[in-house]
Amino acid sequence: MVRSLHVMIMYVLCHLGLIFFMFPADIIASTEQGHWFPILIGIIVHFVCLLTYMKGLSFFPKKDILSIFSKSKKRVTFLFFAPVLLYLIMAIIITVRAYAEIVTLVFLSHTPLWTIILLLLSVSAYISSKGIEAILRTAFLLFILFFPILLFVLIMSFQNVDWRYAIPFDTDLGFISKPAYFESYFAFAGGFLFLGFVQPFFSYERKYVILSAIFLIPFFLFSVYIPILTLGQATASKAFLPFVLIVDSINIDWLMFDRVTMFFLLSLIAFIILYLSLLMWKAIRIINYYIPKSRPSYLLFGLSVAIFFVCFWIPDWKDVENILFMNSFLRSYVIIVVPLSIYYIGRRLKRKDTNETI
Amino acid sequence: MEQIVLDIKKALGGNDDFFIKRDYLLKKEVLLLGLSTLVDMTKTKTILQKQSEGLISQGKTSESIFILMGELFEDDTKKAITSVLEGKLIIYIEHTKKFIIYEPVPKGLNRSIEVPSNESVIQGPSNSFTEDIDTNIGLLRKQLTSNKLLVHSFTTGKNQKTKISLLFINGLVDKELVENINSLIEKNKSMDISNLQSMSKMLGFSSWDTVSKFNTTELPFHASQFLKKGRVVILVDQLPFALILPNLLWDMFIVESDRNFPFPIMITISCLRVIGALIALISPGMYVALVAVNPEALQIELALSVAQSREGVPYPALVEVIIMLVVLELILEASIRLPKSVGPTITMVGGIILGQAVVEAKLVSNLLIIILAATTIANSTLVGAQSSLSIRSFKYINVILSSLFGVLGLVVGLVFISSYLASLTTFGKSYLYLNIGRKEQ
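So the sequence lines, in the order shown, correspond to chains C and A. If you read the first sequence in the working numbering, its first letter stands for residue 1, the second for the next number, and so on. If you read the second sequence in the working numbering, its first letter stands for residue 1, the second for the next number, and so on.
So this is what it looks like as structure tokens:
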């Protein structure tokens, strides 16, 4: 079955959920001026990884990355997949914890944090228990329901823009040494892996995924530039969540609601729940591959409970940032090693095949 | 009397409407067996005589005439009993062990074809299905004159014999779907079918699904349009509506008779229904969230007027909403139960309670009445009784989550409902598909 449209929407939604929160703050913290350059580098890295990964996967039609390695010994492949699994689980923990914190900050100041963690985790576990088809279809419905709101708020957020803040354009490579810059890759890393997991269930055309990645470029740019154009670099760098702050300052007379942020944030949280369910599904696929006898639903339940307690145990935002930084090593593994090795194995297999036919 | 007749008598003789009458047909002794409540004996006898005389005058032998009159069976007691129960007349030829199953003139037990009582049509064919399955198939055949329309019939049930018919258009329908349904009906033939729950058990659906797997319609016109879209229609005897498989989400928003309007109008009407579904789902939850948890989301003037309208209401917004929603559901349910002559009373009493008294007594806020009215009206815009019921029940998830988490709860509730709808499948066909039929080649 070809499900290009669903894969496309899923790809867009996952990234949209991640872009608008930590990404602008990280980029603004990593350089003083010419923010377009770190964003551009990020996008290029993103595209290179994506293309390598998809090219590699295209050598194995109808196989996911687990079954690509099925010929080698399980212990050996475990070395390859353990960091991926760890990354996925850490990504779930970071996302849940961070977004629960953001929710309490922005609009539920009296609600205990653990209840929000519980809510996010239980709904995403429910969605992921329904399987990848249901996840992608949910993505379709959520896109129809929430994407118009997001787009509306995004357009409205240009309200207080002063274009002169965009200059100076010139830039340097100083951001490479900043940890915040590597943290910004969180917005790229989590999303594209699922392309390697869905192939036994259905196929997709590569050009649509690339189209959706191109579609995302303006969102990456706007998320950083709207805060800068509104507040200026000096003020924007002081803000904890610059984009949320900007959205909070939007004033629309004719709307019955005072805080547009709420709707913006909420639609992003709907996408984040979807992203979480996708991460969980991937994690369960890997775990289930190594413990084939256990039932996925039990594994899912166990995983969610474990993650809940870990999230509960993280005391404050500083620790979230620490984990996010520690996660950078795993992230570079996922961004660099996984696509390259899939590509390498694919090429070798192809060469072998052509040799045999000759 | 002979063995076979004794056997039938043993099985059915306890019924006072069962008769065995001795008669002569073509100068042979015959026994007529049947149920007087199902067979119009006077008319049947007249026709029987006329038919046999007509055949004699053509010079046929009595043997061949018997074969011409109906199906001839030998020594099959079971078949004879079922036929009697189905309202057939058994003509038993004495000393031969043979009997004929004859199609008699039935008693008029069916109502005539009327306009639908639960679905209203604006500018569209308005014949509706009746209880008799043959009439229903006939209605469909009349709507859809095509040699590709196929009808498969089954008789099911152990204690209660029920006729089920499966209709589809060959070439448009997914063959796998038809085969699946066919084999499941064959497999569970011994089940007694009298309602949709037993029907869905027969087809192996989970009995805990909140959204019905069947789309139902009373209108042969709608059923025929669904057939053209590649769906399967199941007719069950004594159920005055057609079951359409699979049920899809968009059926809630699109009615076939809308196609009698200009295209832009049709789209607008469908959009209205989508908005209706959203309002029905969101508005009670939104009220709870904005009043109890996130009043700061509203513009200050609005927030103040909301607060003012709730002045003096002694309990939290959740309790307020739940009380009023329950009262509303009670009114809806009561107006279905009550006879048509008493119905308006309930409307009047309900209207007074909901409209004026409850607000003046400071039990609920003014705003809530508006919200409730909007919810109920919006819910009624949806097409199909089954779908609107599930939307009606889903809104409580949103109300409860909103009372806990405010607007976040509302959104999470929507995500949850979306994922639930997305996870529904019928024979591998997702609930969210726009169309399942194959393209006509």
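Glycine included, each C-beta is placed from N, C-alpha and C at the ideal position. What you are looking at is a predicted structure, and each value in this text was computed from that prediction instead of being measured.
Chain A within 8 Å of residue i, Cβ atoms only
| i | result |
| --- | --- |
| C/SER97 | Reading off the sequence shown, one finds Arg at residue 97 of chain C, where the question assumed Ser. No, because no Cβ of chain A sits closer than 8 Å to the Cβ of C/ARG97. |
| C/ILE284 | no |
| C/MET443 | Nothing can be reported for residue 443 of chain C, as the shown portion of chain C is limited to 1 through 358. |
| C/ALA270 | yes |
| C/ASP248 | no |
| C/LEU18 | no |
| C/ASP258 | yes |
| C/PHE60 | no |
| C/VAL12 | no |
C-beta contact flag for residue i and residue j at 8 Å
| i | j | result |
| --- | --- | --- |
| C/ILE286 | C/LEU66 | yes |
| A/ALA374 | A/ILE279 | yes |
| C/MET262 | C/PHE107 | yes |
| C/GLN33 | C/GLN199 | no |
| A/TYR433 | A/LEU424 | no |
| C/MET326 | C/ALA125 | no |
| C/SER212 | C/MET8 | yes |
| A/LEU33 | A/SER52 | no |
| A/ALA223 | A/ILE244 | yes |
| A/ILE346 | A/LEU354 | no |
| A/GLU74 | A/ILE101 | no |
| C/THR31 | C/PHE140 | no |
Limits of the unbroken beta strand (DSSP E) element including residue i
| i | result |
| --- | --- |
| C/HIS110 | Counting along the chain, C/HIS110 falls outside any beta strand (DSSP E), and DSSP gives it neither H nor E. |
| C/HIS15 | No beta strand (DSSP E) holds C/HIS15; the alpha helix (DSSP H) holding it covers 4-19. |
| A/PHE18 | 18-25 |
| C/SER70 | Per DSSP, C/SER70 belongs to no beta strand (DSSP E) and is neither H nor E. |
| A/ASN215 | 215-217 |
| A/ALA242 | 242-245 |
Nearest-angstrom beta carbon gap, residue j and residue i [assumed within contact, 8 Å]
| i | j | result |
| --- | --- | --- |
| C/VAL334 | C/TYR11 | Not a contact, Cβ separation roughly 16 Å. |
| A/LEU298 | A/VAL288 | With a Cβ gap of about 13 Å, A/LEU298 and A/VAL288 do not count as contacting. |
| A/ILE322 | A/LEU227 | Not a contact, Cβ separation roughly 43 Å. |
| A/PHE221 | A/PRO125 | 4 Å |
| C/LEU120 | C/ILE307 | C/LEU120 to C/ILE307, Cβ: 10 Å. No contact. |
| A/SER390 | A/VAL211 | 5 Å |
| A/ILE181 | A/VAL105 | Going by Cβ atoms, the distance from A/ILE181 to A/VAL105 rounds to 34 Å, so no, they are not a contact pair. |
| C/GLU183 | C/MET54 | About 25 Å separates the two Cβ atoms, so there is no contact after all. |
| C/VAL305 | C/ILE93 | With 8 Å as the limit, C/VAL305 and C/ILE93 do not qualify as a contact, their Cβ atoms being about 13 Å apart. |
| A/PHE154 | A/ILE185 | 5 Å |
| A/GLN386 | A/THR216 | 6 Å |
| C/TYR208 | C/ALA166 | About 32 Å; that fails the 8 Å criterion. |
| C/HIS35 | C/ILE27 | 6 Å |
| C/ILE135 | C/PHE201 | Incorrect: roughly 10 Å between the Cβ atoms, too far for contact. |
Below-8 Å beta-carbon distance, residue i vs any chain C residue
| i | result |
| --- | --- |
| A/LEU414 | yes |
| A/ALA434 | For the sequence presented, residue 434 of chain A should be read as Leu rather than Ala. Not an interface residue. |
| A/ALA422 | yes |
| A/SER206 | no |
| A/LEU6 | no |
| A/LEU117 | A quick correction: the sequence has Ser, not Leu, at residue 117 of chain A. It does not; no Cβ of chain C falls within 8 Å. |
| A/LYS439 | Here the model assigns A/LYS439 a pLDDT of 46, short of 50, so the residue's position is not dependable, and the following value carries that caveat. Not closer than 8 Å to any Cβ of chain C, the Cβ of A/LYS439 fails to qualify, so no. |
| A/SER120 | no |
| A/PHE73 | no |
| A/SER472 | Coverage of chain A is limited to positions 1 through 441, which leaves residue 472 of chain A absent and any answer about it impossible. |
| A/SER283 | no |
| A/SER430 | yes |
N-terminal and C-terminal residue of the alpha helix (DSSP H) that residue i is part of
| i | result |
| --- | --- |
| A/GLY54 | 41-57 |
| A/LYS175 | 175-187 |
| A/LYS98 | From DSSP, A/LYS98 is part of no alpha helix (DSSP H) but of the beta strand (DSSP E) over 98-102. |
| A/GLU63 | 62-69 |
| C/PHE143 | 132-156 |
| A/GLY350 | 343-352 |
| C/LYS282 | 260-290 |
| C/PHE219 | 206-231 |
Cβ of residue i within 8 Å of any chain D Cβ
| i | result |
| --- | --- |
| A/SER419 | Looking for chain D here will not work: the only protein chains present are C and A. |
The ligand SAH heavy atom lying under 7 Å from the CB of residue i
| i | result |
| --- | --- |
| C/VAL247 | No copy of the ligand SAH appears in this structure; indeed no ligand is present at all. |
Quick one, which residues of the stretch 294-321 of chain A are near chain C if we go by CB-CB under 9 Å, in chain order? From the stretch 294-321 of chain A, only ASN294, GLU296, ALA297, LEU298, GLN299, ILE300, LEU302 and ALA303 have a Cβ closer than 9 Å to chain C.
If the cut-off is 7 Å on Cβ atoms, which residues from the stretch 388-412 of chain A count as contacting chain C, listed in chain order? Result list: PHE405, GLY406, VAL407, LEU408, VAL411 and VAL412.
Between the stretch 259-270 of chain A and chain C, which residues of the former have a C-beta closer than 7 Å to a C-beta of the latter? Taking 7 Å as the Cβ-Cβ cut-off against chain C, none of the residues of the stretch 259-270 of chain A qualify.
Any residues in the stretch 121-133 of chain C with a beta carbon nearer than 8 Å to a beta carbon of chain A? Which ones, in chain order? Cβ contacts with chain A: VAL123, TYR126, ILE127, LYS130, GLY131 and GLU133.
Against chain A, which members of the stretch 79-110 of chain C pass a CB distance test of less than 7 Å? Along the stretch 79-110 of chain C, going in chain order, the ones with a CB nearer than 7 Å to a CB of chain A are VAL103, PHE107 and LEU108.
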